[in-house]
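**Q** For the sequence shown, the UniProt record's numbering begins at 1 and goes up steadily by one.
Quick reminder that beta carbons are idealized off the backbone N, C-alpha and C, glycines included.
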Amino acid sequence: MGNIIAIVASILVGGGVAAATVVGVVTSSTDNTVKNPPTVSESTIQYGTSD
1 MGNIIAIVAS
11 ILVGGGVAAA
21 TVVGVVTSST
31 DNTVKNPPTV
41 SESTIQYGTS
51 D
């Protein structure tokens, strides 16, 4: 009975560590570090012009 409790506890702890790691990675990769990001609607390439 003690082995089952230890297995369940280790699964819960491992799952918690994995979830915290995933949340940390996603948060750090989606963090808005650019103060003025470019907008999608503003095109920098003018197609069809002969400049």
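#1: I need the straight-line Cα distance from residue 103 to Ile-7, nearest angstrom please.
#2: Any idea what DSSP makes of Gly-16, helix, strand or coil?
#3: Could you give the DSSP three-state label for Gly-24: helix, strand or coil?
**A** Let's see:
#1: Since the first residue shown for the chain is 1 and the last is 51, residue 103 is missing from the structure and cannot be characterised.
#2: Position 16 of the sequence shown, counting from 1, holds the residue named residue 16. Here Gly-16 sits in helix by DSSP.
#3: On the sequence shown, position 24 is the one that residue 24 refers to. Helix, per DSSP.
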